[in-house]
Amino acid sequence: MRLAVPREVRPGEQRVALVPAELTRLSAIGVEVTVLRGAGQLALYPDEDYEAAGATVATSEGELYEGADLVAKVLPPTLEEADQLPEGIALLSFLVPSVDLDLVRRLSSRKITAFSFELVPRISRAQAMDALSSQATVAGYKAVLIAANRLTKFFPLFMTAAGTVRPARVLVMGAGVAGLQAIATARRLGAVVSAYDVRPAAREEVKSVGAAFLELGLEAQEGAGGYAAAQSEEFLARQQEMIGQHVAASDVVITAAAVPGRRAPLLVSTAMVSQMRPGSVIVDLAAGSGGNCELTRDGEEVTWQGVHVIAAAELAASMPTHASSLYARNVSSFVRLIVKDGRLAPDFEDEIVDKSAVIISGSVHHEPTRSDLEEPKA
Ligand code: NAD
56 MRLAVPREVR
66 PGEQRVALVP
76 AELTRLSAIG
86 VEVTVLRGAG
96 QLALYPDEDY
106 EAAGATVATS
116 EGELYEGADL
126 VAKVLPPTLE
136 EADQLPEGIA
146 LLSFLVPSVD
156 LDLVRRLSSR
166 KITAFSFELV
176 PRISRAQAMD
186 ALSSQATVAG
196 YKAVLIAANR
206 LTKFFPLFMT
216 AAGTVRPARV
226 LVMGAGVAGL
236 QAIATARRLG
246 AVVSAYDVRP
256 AAREEVKSVG
266 AAFLELGLEA
276 QEGAGGYAAA
286 QSEEFLARQQ
296 EMIGQHVAAS
306 DVVITAAAVP
316 GRRAPLLVST
326 AMVSQMRPGS
336 VIVDLAAGSG
346 GNCELTRDGE
356 EVTWQGVHVI
366 AAAELAASMP
376 THASSLYARN
386 VSSFVRLIVK
396 DGRLAPDFED
406 EIVDKSAVII
416 SGSVHHEPTR
426 SDLEEPKA
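Under this note's numbering, the first residue of the sequence shown is numbered 56, with each subsequent residue one higher.
Listed below in structure tokens is the structure:
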């Protein structure tokens, strides 16, 4: 059984799917690894370290995929990358299947079996494979550092001979994995933090990491599988109305609210931003799925009446060393689930394997993706 690890090719991506330290866990179950030359370079894992850990370093894609059964990547392959994959190989990566249907078509025409990290169910047995969480942890942490760096004020309280500095006020909207990590990081830097989320369970989670939970007294729709449900227009309008004064009083707002498979909910309107003090900072972690702030422009920083609105998609790629080592553990844990007696043998009766499979030997297995593909084009 051979696992191939290519170099990520999408612009800005610095992570690698496997790090040398993870090779022992794979060789223990009979998995041999080939890494493309330079695959770990940007994440600071040199080829020599992979070799020292027992991997083969390939000098071309042809060599990389020679005899490979499985390829592990971070981001979905581009169409060009998909064309380089040998027919019938298995793929493990983020795939966002509902977004890139062309990619799904291409992979399926090459008889590929594709597993998507976004689809790994959030059950306790799958925690070590939860790449959404591991990468959200990095993003939540980094979002606060970006905000602190942009702010012209301190985060902590200072009582000095030259006067007293009041701590920064940080508001976190959406207390999932990224939001909770943002709260914890802002607290460590000494800010006064408050947070809001529609899930009732978030109240205790927010408090446990040291923030005040904003009680808006709104009745939210409950979601399934621990996720939030999409809320009604009335709910979102009411939420915006009630959250406005808290946004206005904040030096920093970190937005990290998402509903799986949907556009991110709009939580911070332009009118709300207009009420903030000049110099305040909004970091929008939902920028990649439409943004939680009306002023967010993906990939850009917008300054509106002195308030900086920073679109922050794929922040995990900007801390590639640790983001890759966490991701690599997610990869090796998933690989251990689909390898039996030293051979690739996914058991599709297993809930985790079944739910995370988008394509099995070329046939689209993930129901929502299949119906998206079948929908006639308008
Ligand atoms: P996510 O990225 O899908 O969403 C982020 C947050 O946005 C969620 O907490 C959601 O409730 C919130 N949100 C949605 N609409 C909102 C709105 N209108 N206003 C305010 N907040 C809104 O979430 P995630 O980080 O992937 O985590 C989702 C849940 O799954 C959390 O409860 C998390 O603790 C849980 N989880 C469980 C496991 C496990 O059991 N293995 C692993 C990871 C996460």
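The C-beta atom is built at its ideal place from N, Cα and C for all residues, glycine as well. Since the model is a prediction, treat every value here as computed from it, not as a measurement.
Query, Result
"Just confirm the distance between the C-beta atoms of VAL390 and VAL86, as a whole number of angstroms; I'd bet it's less than 8 angstroms.", "6 angstroms"
"Residues in its own chain within less than 6 angstroms of ALA412 by CB, not counting five upstream and five downstream?", "PHE170, HIS420"
"Have a look at the DSSP bridge pairing and note the partners of HIS363.", "VAL336, THR358"
"So does GLY67 have its beta carbon nearer than 7 angstroms to some heavy atom of ligand 1?", "no"
"So is the beta-carbon of ILE201 under 7 angstroms away from any non-hydrogen atom of ligand 1?", "no"
"Would you mind listing the alpha helix (DSSP H) stretches within the segment 132-215 that are 4+ residues and don't spill past its ends, in chain order?", "134-139, 156-164, 186-205"
"When burial is assigned at 16 or more other CB atoms within 10 Å of the CB, is PHE403 buried or exposed?", "exposed"
"Could you pull the DSSP bridge partners for SER324 from this structure?", "In DSSP, SER324 forms no bridge with anything."
"To the nearest whole angstrom, what separates the beta carbons of ALA284 and ALA233, a pair I think is in contact under 8 angstroms?", "With a Cβ gap of about 19 angstroms, ALA284 and ALA233 do not count as contacting."
"Can you round the beta-carbon distance between PRO255 and GLN286 to whole angstroms, since I take them to be within the 8 angstroms contact cut?", "Not really, about 13 angstroms apart at Cβ, beyond 8 angstroms."
"Report the rounded CA-to-CA distance for HIS301 versus SER344, giving the unit in angstroms.", "24 angstroms"
"Using beta-carbon positions only, say whether ILE309 and VAL362 come within less than 8 angstroms of one another.", "no"
"Whole angstroms is fine: what's the gap from ALA383's alpha carbon to THR111's?", "17 angstroms"
"Would you mind giving the Cβ-Cβ distance between THR89 and ARG62, rounded to the nearest angstrom? I have them listed as a contact below 8 angstroms.", "With 8 angstroms as the limit, THR89 and ARG62 do not qualify as a contact, their Cβ atoms being about 12 angstroms apart."
"DSSP three-state call for ARG65: helix, strand or coil?", "coil"
"What whole-angstrom Cβ distance do ALA59 and VAL126 have, given they're in contact under 8 angstroms?", "5 angstroms"
"With DSSP collapsed to three states, give me the class of ARG92.", "coil"
"Would a C-beta distance cut-off of 8 angstroms place GLN236 and TYR196 closer than the cut-off?", "yes"
"Mind pulling the alpha helix (DSSP H) runs of 4 or more residues that sit fully within the segment 200-288?", "232-243, 257-263"
"Taking 7 angstroms as the cut-off, is the CB of MET214 close to at least one heavy atom of ligand 1?", "no"
"Buried or exposed: where does ILE167 fall if 16 or more other Cβ atoms within 10 Å of its Cβ makes it buried?", "buried"
"With the cut-off set at 8 angstroms, would you say GLN295 and MET327 are in Cβ contact?", "yes"
"Is there contact here, the segment 151-161 with the segment 354-368, by at least three beta-carbon pairs under 8 angstroms?", "no"
"Along the beta strand (DSSP E) that carries LEU119, what are the first and last residues, could you check?", "Counting along the chain, LEU119 falls outside any beta strand (DSSP E), though it belongs to the alpha helix (DSSP H) covering 116-120."
"By Cβ distance below 8 angstroms, which residues in the same chain neighbour LYS262 in space, the five residues on each side in sequence not counted?", "PHE268"
"Quick one: is the Cβ of SER189 within less than 7 angstroms of any heavy atom of ligand 1?", "no"
"What residue range is occupied by the uninterrupted alpha helix (DSSP H) comprising ALA107?", "102-107"
"Look at VAL227 and ALA145 and say whether their C-beta atoms are less than 8 angstroms apart.", "no"
"Do PHE149 and GLU173 have their CB atoms nearer than 8 angstroms?", "yes"
"Can you give me the start and stop residues for the beta strand (DSSP E) that ALA113 sits inside?", "111-113"
"Got a sec? Which residues, its chain only, sit under 7 angstroms from ILE201 by beta carbon, not counting five neighbours each side?", "VAL338, ILE365, ALA367"
"If we ignore side chains and look at the alpha-carbon of each, how far apart do PRO131 and GLY109 end up?", "26 angstroms"
"Distance, Cα to Cα, LEU91 vs TYR100?", "12 angstroms"
"Can you determine whether any heavy atom of ligand 1 sits closer than 7 angstroms to the C-beta of GLN294, and answer yes or no?", "yes"
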